[in-house]
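Reading through the structure tokens given below for one structure.
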Amino acid sequence: KITSYDGVLSTTVAETLEGKELWATAQCRPHPTEPLDADGQGDAFVGLAFCAVRAVVDVDIELGAIRVV
Numbered sequence: 070k071i072t073s074y075d076g077v078l079s080t081t082v083a084e085t086l087e088g089k090e091l092w093a094t095a096q097c098r099p100h101p102t103e104p105l106d107a108d109g110q111g112d113a114f115v116g117l118a119f120c121a122v123r124a125v126v127d128v129d130i131e132l133g134a135i136r137v138v
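Going left to right, the sequence shown walks through residues 70 to 138 as the working numbering numbers them.
This is the structure we're talking about:
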């Protein structure tokens, strides 16, 4: 089920996709950073905020179920 953050809109994955495939690609280009100083201070956003950026999932459009592979 797909529901908007405020709960006003709600639909199933099957209704939304209508038999079509869903693909998405995104890029993150963070601002320039600098190494941390001796006190551990600085702008090291990229190094500290990096996380998994890709997910492989199985989607059952009839049930609206999604399973992370």
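C-beta atoms are modelled at their ideal positions from N, C-alpha and C, and glycine is treated no differently.
Computed from a predicted structure; not experimentally measured.
Proximity to P101 [Cα-Cα], best of D112, A93, T80 and I130: With distances taken between Cα atoms, P101 lies closest to D112.
Determine the contact status of I135 and A83, defining contact as a CB-CB distance below 7 Å. no
What is the DSSP secondary structure of T80, reduced to helix, strand or coil? In this structure, T80 counts as strand in the three-state DSSP scheme.
Taking Cβ to Cβ, would you say V125 is nearer than 7 Å to V138? yes
Whose C-beta lies closer than 6 Å to the C-beta of E103 among residues of the same chain, with five residues either side of it excluded? G111 and D112
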